[in-house]
Amino acid sequence: MAMKINRIGVLTSGGDAPGMNAAIRSIVRTGLHHQLETIGIRQGYAGLINDEMVSLSSRSVSGIINRGGTILETARCDEFLTEEGQRRAKEVIEYHRIDALVIIGGDGTYRGAIQLWEKWGIPCVCVPATIDNDLNGTDITIGADTAINTALEATDRIRDTATSMERVFVVEVMGRESGYIAMQVALAGGAEEVLVPEREFDLESMCHDICAGASKGKRSWIIVVAEGAARAVDIADKITKITGLETRVAVLGHIQRGGSPTARDRILATRLGVEAVKLLLNGEFGKAVGIRDGWVISTDLHVAIKKKDQNRDIDYFYKLMRDVT
Ligand code: ATP
273 MAMKINRIGV LTSGGDAPGM NAAIRSIVRT GLHHQLETIG IRQGYAGLIN
323 DEMVSLSSRS VSGIINRGGT ILETARCDEF LTEEGQRRAK EVIEYHRIDA
373 LVIIGGDGTY RGAIQLWEKW GIPCVCVPAT IDNDLNGTDI TIGADTAINT
423 ALEATDRIRD TATSMERVFV VEVMGRESGY IAMQVALAGG AEEVLVPERE
473 FDLESMCHDI CAGASKGKRS WIIVVAEGAA RAVDIADKIT KITGLETRVA
523 VLGHIQRGGS PTARDRILAT RLGVEAVKLL LNGEFGKAVG IRDGWVISTD
573 LHVAIKKKDQ NRDIDYFYKL MRDVT
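This note's numbering applies: residue 273 is where the sequence shown begins, and numbers increase by one.
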């Protein structure tokens, strides 16, 4: 028999991602539907340690489905990596008589949840939210679609100016270890090249292609670079040196994290929030919710933190790029 849960806690942790608010709303409202009380924990694991709690009613989550960021705020918390920090978190959870947690974030956040559940016996379920879409156990994470669309809109604007003058634009997008955003933006934005951290790249050969295009009258190029592959300024400098063409750089930075979530992210967050509460009610702890082939699924947290094998997707994207450029 599943343990009786009356009060749940919810927190957002790690990098913020558009759609986190929609997830919080979904969790609170689903909880109420099942007569659960929900306590919001501010600033991720730091809020657990520092006892930063806020009671969440249906009204406290009204009007947030369309807002970027997270009303609970988020944080990276080194103290939570320590035994002492985790012990303190457990004490605070028990003090507030919180029976279980829904934890929203990326893979670091999942690791924290594994500690809470396996070492300290705090029932946890995780919800994937990170713009990088690098989590195993889900086809797509909350926030990735909005970040891609934001970066795409900026790239489209850059294309307008690039085609007006003969120039090579190097656009740097987020993705320290994952080229997911870069690949999606490159394909949707009609970029000529994409550089991702998962693949080596040959700058000489790229410059050769640029020169060949220029000799046939091509006037503009967009090269999308994931921040983890190279710095856009370095790539631009090298292109100018090798080709003699003028280059410009746009580093999109944190604008990719902000803004109102897309419909896709809001719907994803809503579906995953509902499922997270259901898992807790069914006593299925130590799991992450996700989406696979359009269906909501759950995965053991240990599987969810394994490095996502994106090789097939990356190969497919490169082939598509080649076919259409
Ligand atoms: P993003 O993908 O957006 O960076 P994330 O969840 O991976 O999000 P991290 O900064 O890696 O972000 O992790 C968030 C927090 O989770 C950390 O600040 C720390 O408090 C906790 N955490 C990370 N790794 C562990 C671990 N091994 N054990 C316990 N807690 C951890």
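Just so it is clear, CB atoms sit at the ideal spot from N, CA and C, and this is done for glycine as well. All values reported here derive from a predicted model rather than from experimental measurement.
- Exclusion of the five residues before and after I336 leaves N293, R297 and I343 as the residues of its chain whose Cβ lies within less than 6 Å of its Cβ.
- CA-to-CA, the gap between T597 and A522 works out to about 21 Å.
- DSSP, read as helix, strand or coil, puts S532 in coil.
- According to the DSSP assignment, R429 belongs to the alpha helix (DSSP H) that extends over A416 to S436.
- The closest heavy atom of ligand 1 lies less than 8 Å from the beta carbon of A347.
- Note that the stretch 482–496 touches the stretch 442–449; at least 3 beta-carbon pairs, one per stretch, sit closer than 8 Å.
- Counting only runs of 3+ residues, the beta strand (DSSP E) found wholly inside the stretch 454–490 occupies 465–467, in chain order.
- With a threshold of 16 other beta carbon atoms within 10 Å, L573 meets it and is buried.
- Placement of the Cβ of Q358 at a distance of less than 8 Å from at least one heavy atom of ligand 1 is found.
- Residue range K559 to R564 is occupied by the beta strand (DSSP E) that includes A560.
- Burial state of Y317 is buried, judged by a 10 Å Cβ sphere holding 16 or more other Cβ atoms.
- In this structure E518 is exposed. Its beta-carbon is surrounded by fewer than 16 other beta-carbon atoms within 10 angstroms.
- The alpha-carbon separation between K513 and E547 amounts to approximately 54 Å.
- Membership of R520 in the beta strand (DSSP E) is indicated by the continuous run T519 to V523.
- In the three-state reduction of the DSSP assignment, T515 falls in the helix class.
- In this structure E499 is buried. Its beta-carbon is surrounded by 16 or more other beta-carbon atoms within 10 angstroms.
- Boundaries of the alpha helix (DSSP H) harbouring R297: M292 to H305, taken from the DSSP string.
- Residue environment analysis places A535 among the exposed positions, since fewer than 16 neighbouring C-beta atoms fall within 10 angstroms of its C-beta.
- Nearest Cα to N405 within the set V300, Q315 and M455: M455.
- In this structure, the straight-line span from the alpha carbon of R564 to that of D581 is close to 14 Å.
- In chain order, W392 and I394 place their CB closer than 7 Å to the CB of K362, counting only its own chain and leaving out the 5 sequence neighbours on each side.
- Bounds of the beta strand (DSSP E) holding I495 are S492 to A498.
- Between I375 and V300, the gap from beta carbon to beta carbon reaches 9 Å or more.
- Taking a 10 Å sphere around the C-beta of K559, we find 16 or more other C-beta atoms and assign the residue as buried.
- Annotation for L424: V457, A460 and G461 place their beta carbon closer than 7 Å to its own, counting only its chain and skipping 5 residues before and after.
- For D587, the enclosing alpha helix (DSSP H) has its first and last residue at N583 to V596.
- DSSP lists G312 and V374 as the beta-bridge partner residues of V282.
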